[in-house]
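Residue numbers (numbering that gives the first Met the number 0): 0 to 171.
We put the beta carbon where it would ideally sit given N, CA and C, even for glycine.
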Amino acid sequence: MDDEYAEVSIRRAGSQDARAIAAVNVASWRVAYAGIVADEFLASLDVEQRTEIFAEFLGDRHPSSTWVAVGDGRTLGFVTVGPSRDEDAEPGDREIYAIYLDPEAWGRGVARDLMRTVVGSGTDGSAVTLWAIADNERAQHFYRRHGFAADGVEKREEIGGRDLTQRRFRRD
């Protein structure tokens, strides 16, 4: 593991963070999904377009919460959690919709801090789920280290022109 950042702060994201979150999202997708998602699709990802999406997502009316990790004067990563969208969810179950880091921050403790923030934000003992592309071994390893386990539920989804299997992970 590379050295951890001297200081990382985690705070709730606001609409002013949309561009930085979009930049992290695009950079992370281009590295994490290389060889999994079509190269043409990854190259087409546009920070400005994603900024608009995240600005709307960060609005007051959305039922999710997003946290950003900031260190060395820049946004290093983000995580978004909200009510589970799964058909078999119990009342109170939460879902991590996204957790992405700038690839330069990988292996430096930032994702761990974001995950602890989200997992620790539930006070009622409800389950937390997330979906991971089955071919993304790095992500699955990270989720297992943080107490998540594949629960046997999978779905197929077209992402960037490829039909991919997504695997659900759960932490009770």
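Per-residue burial, residue i [other beta carbons within 10 Å of its own, 16 or more giving buried]
i: E94; result: buried
i: R92; result: According to the sequence displayed, residue 92 carries Asp and not Arg. Per the 10 Å Cβ criterion, buried.
i: Y99; result: buried
i: S27; result: buried
i: A33; result: exposed
N- and C-terminal bounds of the alpha helix (DSSP H) containing residue i
i: A148; result: Where A148 is concerned, there is no enclosing alpha helix (DSSP H), although the beta strand (DSSP E) it sits in stretches over 148-158.
i: D38; result: 38-43
i: A88; result: Taken as a continuous stretch (DSSP letters only), A88 belongs to no alpha helix (DSSP H), as it is neither H nor E.
i: R111; result: 109-118
Bridge partners - residue i, DSSP secondary structure assignment
i: P82; result: R93
i: A68; result: I9, G76
i: F141; result: Note: F141 sits in no beta bridge, so no partner.
i: I98; result: V78
i: A33; result: V36
Run of the beta strand (DSSP E) containing residue i, from where it starts to where it stops
i: V129; result: Residue identity check: residue 129 is Leu in the sequence provided, not Val. From DSSP, the beta strand (DSSP E) with L129 extends over 127-132.
i: R60; result: Segment: none, R60 is in no beta strand (DSSP E) and carries neither H nor E.
i: R167; result: 161-170
Residues near residue i by beta carbon distance below 6 Å, same chain, minus five either side
i: R166; result: A131, A133, A149, E153
i: V78; result: W66, I98, L113, V117
i: L129; result: I95, F168
i: D101; result: V23, A26, L75
Close beta carbons around residue i, own chain, < 7 Å, minus the five adjacent residues each side
i: D171; result: A126
i: A84; result: Looking at the sequence provided, one finds Arg at residue 84 rather than Ala. Only E94 meet the Cβ criterion.
i: A162; result: Ala is not the amino acid found at residue 162; the sequence shown has Asp there. Closer than 7 Å at Cβ, skipping near neighbours: R155.
i: F40; result: G159, G160
Rounded distance between the beta-carbons of residue j and residue i, thought under 8 Å
i: I9; j: F53; result: Between F53 and I9 the Cβ distance is about 17 Å, and since that is not below 8 Å, they are no contact.
i: L57; j: D16; result: 7 Å
i: R115; j: E3; result: So it is not a contact: roughly 14 Å between Cβ atoms.
i: V7; j: G70; result: 4 Å
i: F141; j: A104; result: 13 Å between Cβ atoms; not a contact.
Sequence-distant residues of its chain with Cβ nearer than 8 Å to residue i (five each side left out)
i: G146; result: V118, R170
i: G81; result: H61, P62, S63, S64, R93, E94, Y96
i: G13; result: L57
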